[in-house]
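Beneath this line is the structure, given in structure tokens, with notes to follow.
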Amino acid sequence: MIALPCSADEINLYSLNTGSYVYHLTHNHGQYTENFENKFISVERKFSDDSQYSFVLGTMKNSFNDRCLAAGVRRDWAGWDNGWVFKGIYGYVGEFFFDTFDDCGDHGSYHDFKKVTGIGFSPYIYHGFQYNFTSYFGMDVGLIIPSVFVITAQWSFR
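According to my numbering, the sequence shown is numbered sequentially starting from 575.
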């Protein structure tokens with residue numbers, strides 16, 4: 575077991591993102607892994623209590639049903655006192671050195687990047703609006719560029 579020193583307040587910096595719903599808006603003929611089948615889960619940690627940035631690390635199944643590592647940075651571009659936040663997530667979704675992620679670069683844009691770089695991945699650019707129902711729970715709706723519709727739940731430890 576690994577023990578890391580942290581203060582009780584540090585838990586406030588963490589969130590868990592689950593329940594991602596995805597739908598491909600273009601060129602969709604039922605061939606993609608979508609709806610809730612992507613099995614997305616990630617842990618998010620704000621850089622500091624008042625930071626607009628956080629680091630996101632998780633896993634998901636891509637559009638071709640291949641397990642991928644998901645890592646990125648979230649930026650809160652605007653926030654309002656009524657619970658709404660406009661955010662962006664800029665990340666890497668792709669292969670990693672564990673066997674579980676070996677097939678991530680076998681199809682689509684992941685495979686195109688693998689032919690050029692030797693690593694199967696796809697850059698993800700997401701923008702969306704999050705509504706925080708409470709300080710512990712929020713949901714967001716947005717798009718992964720160019721045309722993947724996403725809804726996700728976020729559980730915070732505030």
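We put the beta carbon where it would ideally sit given N, CA and C, even for glycine. Since we're looking at a predicted model, the values are computed, not measured.
Count the other CB atoms within 10 Å of the CB of Lys688; is the residue buried (16 or more) or exposed (fewer)? Here residue 688 refers to the residue found at position 114 when the sequence shown is read from its first residue. That one is buried.
Span of the alpha helix (DSSP H), counted from its first residue to its last, around Asp686: Taking the sequence shown and counting its residues from 1, one reaches residue 686 at position 112. Membership of Asp686 in the alpha helix (DSSP H) is indicated by the continuous run Gly682 to Thr691.
In the DSSP output, which residue or residues are listed as bridge partners for Gln728? Position 154 of the sequence shown, counted from the first residue, corresponds to residue 728. Answer by DSSP bridge pairing, in chain order: Asn591 and Gly712.
Using 10 angstroms around the beta-carbon of Gly694, count the other beta-carbons present and answer buried if the total reaches 16, otherwise exposed. Here residue 694 is taken as the residue at index 120 of the sequence shown, counted from 1. Here Gly694 is buried: its Cβ has 16 or more other Cβ atoms, across all protein chains shown, within 10 Å.
Just confirm the distance between the C-beta atoms of Cys678 and Gly668, as a whole number of angstroms; I'd bet it's less than 8 Å. For the purposes of this step, residue 678 is identified with residue 104 of the sequence shown, where counting begins at 1. For the purposes of this step, residue 668 is identified with residue 94 of the sequence shown, where counting begins at 1. Yes, they are in contact, since the Cβ atoms of Cys678 and Gly668 sit about 5 Å apart, within 8 Å.
Can you give me the C-alpha to C-alpha distance between Glu584 and Ser709, rounded to a whole angstrom? By 1-based counting over the sequence shown, the position of residue 584 is 10. By 1-based counting over the sequence shown, the position of residue 709 is 135. Distance between Glu584 and Ser709, taken at the CA atoms: about 15 Å.
Measuring only the C-alpha atoms, how far is Gln626 from Ser637? Taking the first residue of the sequence shown as 1, we reach residue 626 at position 52. Taking the first residue of the sequence shown as 1, we reach residue 637 at position 63. C-alpha separation (whole angstroms): 29 Å.
Look at Gly632 and Thr726 and say whether their C-beta atoms are less than 8 Å apart. Position 58 of the sequence shown, counted from the first residue, corresponds to residue 632. Position 152 of the sequence shown, counted from the first residue, corresponds to residue 726. With contacts defined by Cβ atoms closer than 8 Å, Gly632 and Thr726 do not form a contacting pair.
Please classify Glu618: is it buried, with 16 or more other beta-carbons within 10 angstroms of its beta-carbon, or exposed? For the purposes of this step, residue 618 is taken as the residue at position 44 of the sequence shown. So Glu618 counts as buried.
Taking just the CA atoms, how far does Asp686 sit from Trp651? Position 77 of the sequence shown, counted from the start, is the residue given in the question as residue 651. Position 112 of the sequence shown, counted from the start, is the residue given in the question as residue 686. If I take the Cα positions, the gap works out to 31 Å.
If you drop the 5 nearest sequence neighbours on each side, which residues of the same chain put their C-beta closer than 6 Å to that of Asn706? If you number the sequence shown from 1, residue 706 lands on position 132. Excluding sequence positions up to five before and after Asn706, its CB lies within less than 6 Å of the CB of Gly657 and Gly712, all in the same chain and listed in chain order.
How many Å lie between Pro697 and Arg732 at the Cα? By one-based count along the sequence shown, residue 697 stands at place 123. By one-based count along the sequence shown, residue 732 stands at place 158. Cα atoms of Pro697 and Arg732: separation of roughly 30 Å, rounded to the nearest angstrom.
Using 10 angstroms around the beta-carbon of Gly702, count the other beta-carbons present and answer buried if the total reaches 16, otherwise exposed. Taking the first residue of the sequence shown as position 1, residue 702 is located at position 128. That one is buried.
Have a look at Ile615, Ala644, Gly662 and Val647 and flag the residue whose alpha-carbon is nearest the alpha-carbon of Val715. As a working mapping, residue 715 is identified with position 141 in the sequence shown. With distances taken between Cα atoms, Val715 lies closest to Gly662.
Going by beta carbon distance, what residues of the same chain come within less than 6 Å of Leu587, once the five residues before and after it are set aside? Here residue 587 corresponds to residue number 13 of the sequence shown, with the count starting at 1. Cβ neighbours of Leu587 beyond the five flanking positions: Arg619 and Lys620.
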